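**Student:** In my numbering, the protein residues as written are 21 to 206.
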């Protein structure tokens, strides 16, 4: 089965989670927000749309791997050979699932909330997330952070392999063609 790769969260990109009549809720995830959770080997599940009934893997047995990179929370999920695994792989390949999300709870002191008043009188709630306990990462149809990404790594590897195989097939033919052209031009 293929491996999904992507980013469940992106660093330093502000997003609006809710826009209502009384308030607006925005948040940003800062670099290092997942470092403690990853170092502590928290057991994090990978799901589709945060649904535990559509389990794709988990960190405890190693079918999900998490790390922080320059973009955000990088995720690798070894998809199970189940109907859900095959369905998710198909939806990602087609582009129906192209983003990710994450479920979390701020660690003590890991969230700084500021509240300001917008010109229209609504509250502007802004959460800066710096240290999080992580519960799940999910392939989703509508990510809150649009800059998240998701792809099937096996597809890219298969394409590279096909390209190498094609090149290996073409190389001797190109040499023969070159030799024939050289003989014709003499």
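Beta carbons are placed, not taken as given, at the ideal position from N, Cα and C, and that holds for glycine. This one's a predicted model, so the numbers in the text were calculated from it and none came from an experiment.
1. Taking only three categories from DSSP, how would you classify residue 182?
2. Assuming contact is defined by CB atoms lying nearer than 8 Å, are residue 125 and residue 153 in contact in what I supplied?
3. For residue 62, which of helix, strand or coil comes out of DSSP?
4. What is the DSSP secondary structure of residue 195, reduced to helix, strand or coil?
5. When you compare only the Cα positions, how much space is there between residue 24 and residue 198?
6. Once you ignore the five residues that flank residue 74 on each side, which residues in its own chain have a CB closer than 7 Å to its CB?
7. Figure out for me which residue from 28, 26, 44 has the closest Cα to the Cα of residue 140.
8. Ordered along the chain, which non-local residues of its own chain (more than five positions away) have a Cβ less than 7 Å from that of residue 63?
9. By how many angstroms is the C-alpha of residue 192 removed from the C-alpha of residue 84?
**Tutor:** Straight from the coordinates:
1. Reliability of the predicted coordinates at residue 182 is poor, the pLDDT of 47 falling under 50, and no value is obtained from them.
2. yes
3. coil
4. When secondary structure is reduced to three states using DSSP, residue 195 falls in the helix class.
5. 42 Å
6. The beta carbon of residue 74 sits closer than 7 Å to those of 67, 68, 104, all from its chain and outside the five residues before and after it, given in chain order.
7. Checking every option, the nearest Cα to that of residue 140 belongs to 44.
8. 78, 79, 80
9. 42 Å
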